[in-house]
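Residue numbers (our numbering): 33 to 615.
One structure is given below, encoded as structure tokens.
Next comes the structure, spelled out in structure tokens:
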């Protein structure tokens with residue numbers, strides 16, 4: 033989905049931002065976690081994402097180190113041992129309100145506590161959630177969802193269509209101030225008018241009866257159903273929200289497989305099993321997210337946590353055949369993500385495309401990936417990650433050419449005189465004084481030595497960083513994006529259309545806008561992907577980014593008693609599948 037952004041304290045750690053920026057932090061979690069979901073801004077290797085089975089990319093079926101994924105609702109639910117507490121390191125989520133969630137860190141928790149009409153399973157397929165099934169009209173514009181008769185909130189109250197109507201109206205209410213409601217809901221007729229204050233209700237939203245909801249969109253779009261798997265479309269309990277408007281997210285009455293039992297900011301989040309869950313209750317009693325920090329490897333080896341990503345410092349030691357930890361080593365698939373440095377094209381000196389191109393040609397990303405990051409990432413040529421729908425192996429990127437970089441700089445309006453270049457500040461997420469990352473240090477040194485361009489670093493706490501990012505307050509920013517759903521629209525349209533609120537660098541190209549709008553409604557999937565190939569090339573030629581890295585396979589450690597912790601390329605609800613067993 034978009035399914036989510038990267039927490040860019042260290043680009044090398046591939047911390048992604050959502051719609052999605054991401055928030056599962058590599059060395060601390062088994063599969064990533066730090067994305068601004070603007071999908072995707074991300075630091076999260078698995079971000080919220082959705083897509084129909086027939087349109088899904090080829091995703092490795094062996095997604096888990098312990099088992100093969102099954103359907104979200106298998107015909108005969110396999111019985112596993114029930115009980116136990118799964119413990120992992122994590123970060124404080126910027127929010128637990130699904131309607132304002134924009135990052136993968138938040139989405140990891142929100143996906144377990146709340147739910148929507150549809151969801152995504154470990155095989156990266158769109159499947160029913162609170163909707164039992166649905167019909168699509170012949171013109172592709174009207175979606176009629178039939179809700180499950182047994183779907184309940186955590187307090188036992190049945191979920192009805194009115195709950196969804198109120199929830200979607202709330203998400204689109206200007207007072208909610210959702211940064212992403214327009215991105216994920218504006219295909220529904222009337223959402224744009226409600227967001228702008230021109231209408232009091234969404235005209236494309238209709239309750240037919242207690243268990244039937246109708247959504248009408250503005251044009252047939254193959255990715256619309258996928259968008260509804262993102263938290264902006266989740267149902268919330270009106271009484272719960274209105275009864276305690278300031279603090280309801282600390283005692284949410286959700287519909288997901290887990291209840292929020294306790295949240296102490298900076299200390300812990302504890303989720304408890306929802307025995308009423310309509311798709312079958314989880315096997316685990318509780319899941320504990322440690323927010324207070326710690327050394328992940330030390331905690332793992334001391335049996336304080338059950339899983340962790342493996343950092344560079346420990347990789348060789350753990351892979352030693354004589355190390356007993358090697359038997360607990362698992363390989364996660366590459367995440368559908370890209371990290372990058374965004375450039376605000378309205379801010380000098382990035383208002384000159386030749387200056388932007390000069391920055392790109394001055395960086396030897398292949399050398400940095402090998403020498404600084406031990407080839408745990410691959411250099412990004414463009415936007416779309418390898419293996420993702422519409423990925424273009426023939427995309428023409430920048431390459432490393434310091435002489436061309438110097439020439440482009442001299443041809444820019446700022447000339448070769450570095451004194452004429454305005455002060456440049458690179459904003460990154462992280463606490464003041466925190467380590468920046470070797471890859472970033474090498475990149476900044478390259479710009480200074482090759483071009484004479486000096487860049488200052490400004491660090492901002494993650495939640496504040498996301499707020500400023502959405503308000504386009506940054507001149508230059510390091511972030512990432514991970515898929516919310518496996519469709520190129522989630523990357524190219526959401527991040528680069530001139531009217532997108534996730535276009536953080538204010539990039540604008542009329543030809544790109546026109547092609548993006550045509551691709552939205554193109555019925556032929558092959559033709560759509562060809563259009564996106566052209567769009568991506570036009571964007572790369574304009575250089576609104578310095579593309580950095582795509583993920584490679586990731587090494588994680590998972591305790592042998594932990595089963596069915598599926599390792600997937602996006603953030604999805606998955607903890608209900610996990611169980612403990614000594615077998």
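All C-beta atoms, glycine included, are put in the ideal place defined by N, C-alpha and C.
Let me know if residue 276 comes out buried or exposed under the rule of 16 or more other beta-carbons within 10 Å of its beta-carbon. exposed
Using a 10 Å radius around the Cβ and a threshold of 16 neighbouring Cβ atoms, would you call residue 147 buried or exposed? buried
How big is the Cα-Cα spacing for residue 479 and residue 394? 6 Å
Can you tell which of 261, 419, 293, 322 has the C-alpha that lies nearest to the C-alpha of residue 159? Comparing Cα positions, the closest option is 261.
Which parts of the segment 478-545 are runs of the beta strand (DSSP E), unbroken and 3 residues or longer, counting only runs that do not cross its ends? Counting only runs of 3 or more, we get 488-492, 508-514.
When burial is assigned at 16 or more other CB atoms within 10 Å of the CB, is residue 468 buried or exposed? buried
Please say whether residue 570 and residue 544 have beta carbons closer to each other than 7 Å? The Cβ-Cβ distance between residue 544 and residue 570 falls below 7 Å.
Does DSSP put residue 188 in a helix, a strand or coil? coil
Quick one: Cα of residue 595 to Cα of residue 340, how far? 15 Å
Mind listing, in chain order, the continuous alpha helix (DSSP H) runs of no fewer than 4 residues lying wholly within the segment 340-404? 344-351, 385-393, 397-403
Environment of residue 374 [buried if 16+ CB atoms lie within 10 Å]: buried
So is residue 287 buried or exposed if we call it buried at 16+ other beta carbons inside 10 Å? buried
Note down the Cα distance separating residue 100 from residue 607, rounded to an integer number of angstroms. Note that residue 100 has pLDDT 30, beneath the 50 cutoff, so the model's placement of it is unreliable and the number below is only indicative. Cα-Cα distance, rounded: 15 Å.
Please list the terminal residues of the continuous alpha helix (DSSP H) segment that includes residue 199. In the DSSP annotation of this structure, the continuous segment of the alpha helix (DSSP H) that includes residue 199 starts and ends at 193-203.
Please return the same chain residues whose Cβ sits closer than 7 Å to the Cβ of residue 377, not counting the five positions on each side in sequence. 383, 537, 538, 539, 576
Using DSSP with H/G/I as helix, E/B as strand and the rest coil, what is residue 603? coil
Using CA coordinates, which residue listed in 475, 294, 350 is at the minimum distance from residue 399? The candidate whose alpha carbon is nearest that of residue 399 is 475.
Within its chain, find whatever has a CB closer than 8 Å to the CB of residue 350; leave out the 5 residues flanking it on each side and keep chain order. 342, 357, 358, 361, 587, 589
Suppose the cutoff is 7 Å on Cβ atoms and the five residues either side in sequence are ignored; what does the same chain contact list for residue 88 look like? For residue 88, the pLDDT reaches just 27, beneath the cut-off of 50, and the residue's location in the model is therefore unreliable, although a value from the coordinates is still provided. Same-chain partners within the cutoff: 156, 157, 518.
Have a look at residue 366 and residue 417 and give me their C-alpha separation to the nearest angstrom. 9 Å
Need the endpoints of the alpha helix (DSSP H) that residue 456 sits in, please. Here residue 456 belongs to no alpha helix (DSSP H), and DSSP marks it neither H nor E.
Hey, quick one: how far does the beta strand (DSSP E) through residue 437 stretch, first residue to last? Careful: residue 437 lies outside any beta strand (DSSP E), inside the alpha helix (DSSP H) at 434-443.
Among residues of its own chain, excluding the 5 on either side of residue 183, which ones have a beta-carbon nearer than 6 Å to its beta-carbon? 162, 191, 310
Local Cβ density within 10 Å of residue 75, reported as buried at 16 or more and exposed below that: Because residue 75 sits at a pLDDT of 30, beneath the cut-off of 50, its placement in the model cannot be relied upon, and the point is left open.
Straight-line CA distance for residue 528 to residue 141? 28 Å
Cβ pair count under 8 Å reaching 3, the segment 241-256 against the segment 283-298: no
Cβ atoms of residue 130 and residue 263: under 7 Å apart, would you say? yes
Would you mind giving the Cβ-Cβ distance between residue 290 and residue 304, rounded to the nearest angstrom? I have them listed as a contact below 8 Å. 6 Å
Span of the beta strand (DSSP E), counted from its first residue to its last, around residue 163: Boundaries of the beta strand (DSSP E) around residue 163: 163-168.
When the Cα atoms are used, what is the spatial distance from residue 484 to residue 472? Their backbone Cα atoms lie some 16 Å apart in a straight line.
Using only alpha-carbon positions, find the residue among 559, 195, 136 that is nearest to residue 240. 195
What residue from 579, 307, 165 has the CA that sits closest to residue 431's CA? 579
Let's test the definition: count the other Cβ atoms within 10 Å of the Cβ of residue 369 and tell me whether it reaches 16, buried, or not, exposed. By the neighbour-count definition (other C-beta atoms within 10 Å, threshold 16), residue 369 is a buried residue.
Could you give the residue range of the alpha helix (DSSP H) that holds residue 568? That run of the alpha helix (DSSP H) goes 557-574.
Mark residue 477 as exposed unless 16 or more other C-beta atoms lie within 10 angstroms of its C-beta, in which case mark it buried. Burial call: exposed.
What does DSSP give as the partner residues of residue 295 in its beta bridges? 301
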